[in-house]
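In our numbering, the protein residues as written are 9 to 291.
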């Protein structure tokens, strides 16, 4: 972030609207002037890249240099810090927060609405510093969801929904903070797709399918996995699931032999026929 260039642009008669999403031109130019005074550096020479500014302005403590100018009022410092980091994000379109959860909260607040950042507090608790948000996949999300109940599960799923919405933001995509793929709506805990999470291609089909076909996709994949027609790290299409060899195996399998006792043979064969019909319509 070139602070001098931004100060000049914000001081002109028509600054970029993208920049003033961070605050009014007056507030932002004042903040840049205060920052230069804090750093004891001429504004035109002041530059930051990546998370440098975030590190200079910690979230939970007022630096000594800032305290001399802003006083000890934390709310005032927090607003000053938020506007500057928002400005850097909007100007550079790159990651500015060292903490990825704070970065996602910043994006949610700017790109969706202020309250959209709230579910990420639960996402932080669930990930527990063992996993980066960008490492999330649908399968991992379902595994994490299985350990949750009630409001915790509801809030975790809301955070996943916000992540999915941010995939539609070019700004969010540019930061590298998002998972590679959209997670999608998670199934009910009683669904086959919850017990045996679907791989990406079948999950995408499942998400847009009508309810009868969803049940067939989930059951078909679960039985195929039990028959070892695929490994759980493979990502088959519906056509690959229904190869000639696989159809014969599926049709001749009693799901109970794989421990799936609630799925009757006749019901499962009807599911396979439903999948075959859906696949033929796609060709």
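Even glycine gets a Cβ: it sits at the ideal position worked out from N, Cα and C. Keep in mind the model is a prediction, meaning the values are calculated, not measured.
For residue 231, the enclosing alpha helix (DSSP H) begins and ends at 219-234. With respect to the C-alpha of residue 183, the residue from 248, 20, 109 having the closest C-alpha is 109. Residue 103 carries a coil assignment under DSSP once its states are collapsed to helix, strand and coil. Contact between residue 258 and residue 228 is confirmed by a C-beta separation of about 7 Å, below the 8 Å threshold. Just measuring C-alpha positions, the residue of 220, 174, 249 sitting nearest residue 206 is 249. Taking C-alpha positions only, residue 90 is separated from residue 286 by approximately 51 Å. Ranked by how close their Cα comes to the Cα of residue 208, the residues 131, 144, 180 have 144 in first place. Where residue 282 is concerned, the enclosing alpha helix (DSSP H) starts and stops at 273-290. For residue 36, the enclosing alpha helix (DSSP H) covers residues 33-47.
The straight-line gap separating the alpha-carbon atoms of residue 226 and residue 210 is approximately 9 Å. Collapsing the DSSP output to three states places residue 270 in coil.
Here the alpha carbon of residue 70 sits roughly 38 Å from the alpha carbon of residue 157.
If you look at residue 151, you'll find it in the alpha helix (DSSP H) that goes 146-153. Taking all protein chains shown into account, residue 162 has fewer than 16 neighbouring C-beta atoms within 10 Å of its C-beta and is therefore exposed.
Per the Cβ contact rule, the stretch 62-80 is not in contact with the stretch 13-31 (fewer than 3 Cβ pairs under 8 Å). Residue 48 and residue 92 have their C-alpha atoms spaced approximately 17 Å apart.
In the three-state scheme derived from DSSP, where H, G and I count as helix and E and B as strand, residue 121 is classed as coil.
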